[in-house]
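Protein sequence lines correspond, in order, to chains A and B.
Quick note on numbering: the first sequence equals residues 1 to 463 in full-length UniProt numbering.
Quick note on numbering: the second sequence equals residues 1 to 346 in full-length UniProt numbering.
Beta carbons are placed, not taken as given, at the ideal position from N, Cα and C, and that holds for glycine.
Beneath this line is the structure, given in structure tokens, with notes to follow.
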Amino acid sequence: MARHLTHELRNLLDRGRDRQLRLAVTGLSRAGKTAFLTSLVNQLRHAGIDARLDLLKSAREERLLGAQRISQPDLGIPRFPYDEAIAALESTPPRWPEPTRGISELRLQLRYKTRRARGLLGDTATLTLDLIDYPGEWLLDLPLLEHDFLSWSESQLRRTGPERRQHAEAWRAALDRHRPDEEVDESRLAELAEHYAASLRSAREAGFSHLQPGRFLLPGDLQGAPVLQFFPLPGVGESDRQTLETLPADSLYQTLKKRFRFYQQHVVKPFYREHFRRFDRQIVLVDVLGALNAGPERFEDLSDALATLMRSFDYGKRSLMNRLFSPRIDRLAIAATKADHVTPDQHANLVALLESLLAEPIKDLRYADVPVRAFSLASIRATETREIESDGKRQPALRGHGLDGEPVLIYPGDVPDRLPENAFWQRQGFDFTAFRPAPCRSQALPHIRMDAALEWLMGDKLR
Amino acid sequence: MSDPRPGQRFSLDDAPAPGEPTTLQGARHYLPTQASDPYHQDEIPDSPAIDAAIAPPRKRRWGLMIVLGGALGLGTLEAAQTLYLSTLGGDWLAGAWSLIGLTAVGLGARALFGELWRLRKLRRHARLRRQLDEEWVDDAPATHTDPLTLAGELREQMGLPRDHPQWQSFLDAHQSHHTAQETRQLIAHYLLHPRDRAARRLVTRMSGETAVMVAVSPLTLVDMSLMAWRNIAMLDRIAALYGLQLGYASRLRLFREVLRNMAFAGASEMVSDAGMDLLSMNLAAKLSTRAGQGLGAGLLTARLGLRAMRTIRPIAFEGDEQPRLADLRREVWQQLRRLDDRAEPR
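Here is the structure:
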């Protein structure tokens, strides 16, 4: 108890002195969160030795002394599996780190020389950086909190396009035999919920991102519990609220409503309260190229998912008071990950496309006067840029290894600076190749613009 | 909007991929369905007119130039002729005189060419600076020059060899995916910061010394010539730090530029600076009139030096890297105080 208290007190003190930073690494599944965190820890560990962090001012001026992992505040949460991720990258053949299946935490302590000596305090200072990793699927549960069952049900079915609807065909057919006021027994309900979960899974396989509830895809320790046995009801809306509310307690509608509420209160809310409320900075990672590969409907779907997602965070200016008691995100980076999968001349387009993907949230952030910057980023760089002579013209190309280990030399194609029309997709479409990581031997991981992102996210704290 | 180009796979030995046969060079056919925008003509910028109005009137004295040039040309011809005739006729004295005359003309021509050459270099410097300012401000579109090419031009302008360690460390840090803005940061750090530091040290030293010299010199006339001499020397050295060799004309031009910059500096900046200057001069004058004068002269030199740094530096200073007069003021003042302390025991 006493130890816990001193820990809390130190946290409070650190926050008061602005020596602690909680960084939200936000991204849907496969956006590259784990790779980003692994690379972040790796770069900071190697800072000043062999990491190339020239765009991070404190590192460029050789003031950044390095970082150490220290014991995290919440001992009940697993530690971020940094060593495992590095081991995967260093194995032969190198592999990408395993996707995240649960929450993990990491606390880094950065040590740096201040620009001016601080009198008695000496000229070195520390900054504590708190990071958490979690499955991207669960993140989409956060927007659930602003719905009740009826409005959620409506929002889930309003949005679906033709392709998405195909995946829900089986569930729709099974559900058609039931009416909201009917009594449905437990096993049938479980069956229907399984159908719904299967529809979500197949939609994810097909590249869709806006999939709620997230625990249906990755149940964790809730596998088979009744709390995961609910689904939206098609064909009911706000206009039916009066009649639906008067239904008996064991009707289908009321049962689903009860479970939805339970899910909200006991699954999503604790997750939000414990991990997502107190952030100072945020980076939103988006796999733009993956979405381009997947086609227009999925691209819109991703844009939609990100827009609803970003409403769940608090943005605004910081002051001492709210730094201590209700931290807000006062600076934000949005990043198109896997920038190493296109040639450098396409990075500007990639960023423009990312900005158009996040157009709605950016407007809100601008209104809240929170500075945002867009980056094209590769946490772990898998390719190297070459130039080759083709048709008498010199043109850039990428050299790397495909996922199957075959060496490839490729010009992956142009990235459009905004979303092309549907007709273009039918005619040509995109096919960006996936690469496996380049072999590395215990030196700093190669990257693209990690240093610039770090400078933007925490450069002002390393003065 | 034209469609993005599709991807292309190449064989691994970098062999040129067989291209599609082109039917007609230069011509392009568009489908009628292709989206098109109305033809947009850029507005003609009106700045040249304004620039011309602001710039000092330029007049070329053609008559004077013809007379001078003609006299010089004819003189050279005559000297050459005399030399030729004297070698034939044995009039050694006339020959020697004309030889001396020819040498003088040659020396003059060399100096003239040197001046012109340096002037041209200064002009090129200004042009490069303007280009860097335009293209490296923020993440410029890809249509601009490749950042690395521009950086190479800058290196040449600064007179650094290809294997200069600072340039090498810049090359190590630079990556092909860096944008113009990022390249600018790296150039500023690896090539310019060391020079900034040296220039700042120089300005501090020179202004301190000027302050002391003016404080101790007994004559106003000596004060004035001291100031002029030292300021010009400082300008020379700052220019040399950033790789610019100054001749007589280019020095004059640069000096004029710096003075004009100083004269048209933002009013607010002037007010805050001048306010503090006056205050510290008043304080200094309380100690002694000489110290007050010295401080005034020192601060003027410092301001001139900083302004010169700003004018000469190939990439404009960004936000907080700009050296400020406030930092220098204290140092100048300390130098004077030391003088004062030493003077007091007597």
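(message) When you measure from the CB of A/Arg30 to every non-hydrogen atom of the ligand SAM, does any distance come out below 7 Å?
(response) Only the bare structure without any ligand can be found here, which leaves the ligand SAM out of the picture.
(message) Going by DSSP, what residue range makes up the alpha helix (DSSP H) through A/Ser58?
(response) Here residue 58 of chain A refers to the residue found at position 58 when the first sequence is read from its first residue. Residues Lys57 to Arg60.
(request) Assign A/Gln426 to one of two classes, buried (16 or more other C-beta atoms within 10 Å of its C-beta) or exposed (fewer than that). (result) In the first sequence, residue 426 of chain A corresponds to position 426, counting from 1. Classification for A/Gln426: exposed.
(request) Please list, in chain order, all residues of the same chain as A/Gly27 whose beta carbon is under 6 Å from its beta carbon, the five residues on each side excluded. (result) Numbered from 1 along the first sequence, position 27 holds the residue referred to as residue 27 of chain A. Hits under 6 Å: Lys33, Gly136 and Leu285.
(request) Write down every uninterrupted run of the beta strand (DSSP E) in the stretch 69-153 of chain A whose length is 3 residues or greater and which is fully enclosed by it, in chain order. (result) Listed in chain order, they are 104-113 and 124-133.
(request) Would you identify the three-state DSSP class for A/Phe430, choosing helix, strand or coil? (result) On the first sequence, residue 430 of chain A is found 430 positions in, with the first residue counted as 1. Coil at A/Phe430, not helix or strand.
(request) For B/Ala173, name the three-state secondary structure that DSSP assigns. (result) In the second sequence, residue 173 of chain B corresponds to position 173, counting from 1. In the three-state DSSP reduction, B/Ala173 falls in the helix class (H, G or I).
(message) Determine, for B/Ala111, whether the minimum Cβ-Cβ distance to residues of chain A falls below 8 Å.
(response) Working through the second sequence from its first residue, we reach residue 111 of chain B at position 111. Cβ-Cβ to chain A under 8 Å: no for B/Ala111.
(request) Give the DSSP-derived three-state secondary structure of B/Tyr190 in the structure shown. (result) Here residue 190 of chain B is taken as the residue at index 190 of the second sequence, counted from 1. B/Tyr190 falls in the helix class under three-state DSSP.
(request) Classify A/Gln282 as buried or exposed, calling it buried when 16 or more other Cβ atoms lie within 10 Å of its own Cβ. (result) Looking up residue 282 of chain A in the first sequence gives position 282. Buried is the call here.
(request) Could you list the residues in the stretch 406-422 of chain A with a C-beta less than 8 Å from some C-beta on chain B, going in chain order? (result) Hits within the stretch, in order: Pro407, Val408, Leu409, Ile410, Tyr411, Pro412, Gly413, Asp414, Val415, Pro416, Arg418 and Pro420.
(message) Cβ closer than 7 Å: which chain B residues qualify as neighbours of A/Leu55?
(response) Residue numbering aside, residue 55 of chain A sits at position 55 when the first sequence is read from its first letter. For A/Leu55, the chain B residues whose C-beta falls within less than 7 Å of its own C-beta are Glu182 and Gln185, listed in chain order.
(request) Mind the definition here: the stretch 158-173 of chain B touches the stretch 126-134 of chain B only if three or more C-beta pairs lie below 8 Å; say whether that holds. (result) With a cut-off of 8 Å, the stretch 126-134 of chain B and the stretch 158-173 of chain B do not count as touching, because too few Cβ pairs lie within range.
(request) Could you tell me which chain A residues have their CB closer than 9 Å to the CB of B/His125, listed as they occur along the chain? (result) If you number the second sequence from 1, residue 125 of chain B lands on position 125. Close partners of B/His125 in chain A (Cβ separation under 9 Å) are lacking, with about 26 Å as the shortest Cβ gap.
(request) Starting from A/Leu409, follow its DSSP beta bridges and name the residues at the other end. (result) One-based indexing of the first sequence puts residue 409 of chain A at position 409. DSSP links A/Leu409 through a beta bridge to A/Arg399 and B/Phe10.
(request) Please report the Cβ distance between A/Gln20 and A/Thr128, rounded to the nearest whole angstrom; I am assuming they are in contact, meaning their Cβ atoms lie under 8 Å. (result) Translated into the one-based positions of the first sequence, residue 20 of chain A becomes position 20. Translated into the one-based positions of the first sequence, residue 128 of chain A becomes position 128. A/Gln20 to A/Thr128, Cβ: 5 Å. Contact.
(request) Output the residue ranges of the alpha helix (DSSP H) runs that lie fully inside the stretch 329-362 of chain A and measure 4 residues or longer, sorted by chain position. (result) Restricting attention to alpha helix (DSSP H) runs no shorter than 4 residues, the stretch 329-362 of chain A encloses them at 347-357, ordered along the chain.
(request) Please list, in chain order, all residues of the same chain as A/Gly295 whose beta carbon is under 6 Å from its beta carbon, the five residues on each side excluded. (result) In the first sequence, counting from the first residue as 1, residue 295 of chain A sits at position 295. Trp425.
(request) Give the C-beta separation of A/Ala203 and A/Leu228 to the nearest angstrom, bearing in mind that I take them to be a contact with Cβ-Cβ under 8 Å. (result) Your numbering for residue 203 of chain A matches position 203 in the first sequence. Your numbering for residue 228 of chain A matches position 228 in the first sequence. Not confirmed; about 17 Å, so no contact.
(message) Between the alpha carbons of A/Pro226 and A/Leu292, how many angstroms are there, rounded?
(response) By one-based count along the first sequence, residue 226 of chain A stands at place 226. By one-based count along the first sequence, residue 292 of chain A stands at place 292. In this structure, the CA atom of A/Pro226 is about 37 Å from the CA atom of A/Leu292.
(request) Measuring alpha carbon to alpha carbon, tell me which of A/Pro344, A/Arg331, A/Leu139 and A/Leu211 ends up nearest A/Lys269. (result) Locating residue 269 of chain A in the first sequence gives position 269, where the first residue counts as 1. For the residues A/Pro344, A/Arg331, A/Leu139 and A/Leu211, the minimum Cα distance to A/Lys269 belongs to A/Leu139.
(message) By the three-class DSSP mapping on this structure, what secondary structure does A/Leu285 have?
(response) On the first sequence, position 285 is the one that residue 285 of chain A refers to. Residue state for A/Leu285 is assigned as strand, using DSSP reduced to three classes.
(message) Contact criterion: CB-CB distance below 8 Å. Does B/Glu331 meet it with respect to chain A?
(response) By one-based count along the second sequence, residue 331 of chain B stands at place 331. For B/Glu331, the answer is no, since every Cβ of chain A falls outside 8 Å of its Cβ.
(request) Assuming A/Leu302 and A/Leu357 form a contact by the criterion Cβ under 8 Å, report the distance between their Cβ atoms to the nearest whole angstrom. (result) Here residue 302 of chain A corresponds to residue number 302 of the first sequence, with the count starting at 1. Here residue 357 of chain A corresponds to residue number 357 of the first sequence, with the count starting at 1. Indeed, because the Cβ distance is near 7 Å, the residues count as touching under 8 Å.
(message) Please classify A/Glu105 as buried or exposed, where buried requires at least 16 other C-beta atoms within 10 Å of its C-beta.
(response) On the first sequence, position 105 is the one that residue 105 of chain A refers to. Burial state of A/Glu105 is buried, judged by a 10 Å Cβ sphere holding 16 or more other Cβ atoms.
(request) Taking only beta-carbon positions, decide if B/Ala17 is within less than 8 Å of chain A. (result) Your numbering for residue 17 of chain B matches position 17 in the second sequence. Note that B/Ala17 scores 40 on pLDDT, short of 50, meaning its location in the model is unreliable; the coordinates nonetheless yield the value given after this. Interface flag for B/Ala17 against chain A is set, since a Cβ pair is found closer than 8 Å.
(request) Tell me, please, whether the CB atom of A/His347 is closer than 8 Å to any CB atom in chain B? (result) Taking the first residue of the first sequence as 1, we reach residue 347 of chain A at position 347. At least one chain B Cβ lies under 8 Å of A/His347.
(message) Using 8 Å for Cβ pairs, my map puts B/Leu325 next to B/Leu300. What's the rounded Cβ distance?
(response) What you label residue 325 of chain B is simply residue 325 of the second sequence in a count that begins at 1. What you label residue 300 of chain B is simply residue 300 of the second sequence in a count that begins at 1. The beta-carbon distance between B/Leu325 and B/Leu300, rounded to whole angstroms, is 10 Å. This is too long to meet the 8 Å contact definition.
(message) Residues of chain B with CB closer than 7 Å to the CB of A/Ala397, please, in chain order.
(response) Along the first sequence, one-based indexing puts residue 397 of chain A at 397. Neighbours of A/Ala397 on chain B, chain order: Phe10.
(message) For A/Pro81 and A/Leu44, I'd like the C-alpha separation in whole angstroms.
(response) If you number the first sequence from 1, residue 81 of chain A lands on position 81. If you number the first sequence from 1, residue 44 of chain A lands on position 44. C-alpha separation (whole angstroms): 16 Å.
(request) Just the C-alpha distance for A/Arg328 and A/Leu56, rounded to the nearest angstrom, thanks. (result) Counting from 1 along the first sequence, the entry for residue 328 of chain A is found at position 328. Counting from 1 along the first sequence, the entry for residue 56 of chain A is found at position 56. Rounded to the nearest whole angstrom, the CA to CA distance from A/Arg328 to A/Leu56 is 24 Å.
(request) Indicate the three-state DSSP secondary structure (helix, strand or coil) for A/Lys33 in the structure shown. (result) In the first sequence, the residue the question calls residue 33 of chain A occupies position 33. Residue state, collapsed to three classes: helix.
(message) Relative to the C-alpha of A/Asp304, which candidate in A/Pro143, A/Gln346 and A/Gly66 has its C-alpha closest?
(response) Numbered from its first residue, the first sequence carries residue 304 of chain A at position 304. Cα-wise, what sits closest to A/Asp304 is A/Pro143.
(request) Specify the secondary structure class of B/Glu321 as computed by DSSP and reduced to three states. (result) Sequence index remark: in the second sequence, residue 321 of chain B carries index 321 (1-based). Look at B/Glu321 here: in three-state DSSP terms it is helix.
(request) With 8 Å as the threshold, decide whether the Cβ of B/Ser217 is near any Cβ in chain A. (result) For the purposes of this step, residue 217 of chain B is taken as residue 217 along the second sequence, with counting starting at 1. By the rule that beta-carbons nearer than 8 Å mark a contact, B/Ser217 does not touch chain A.
(request) Examine the Cβ distances between the stretch 72-89 of chain A and the stretch 254-273 of chain A and report whether three or more of them are shorter than 8 Å. (result) Counting Cβ pairs under 8 Å, fewer than three are found: no touch.
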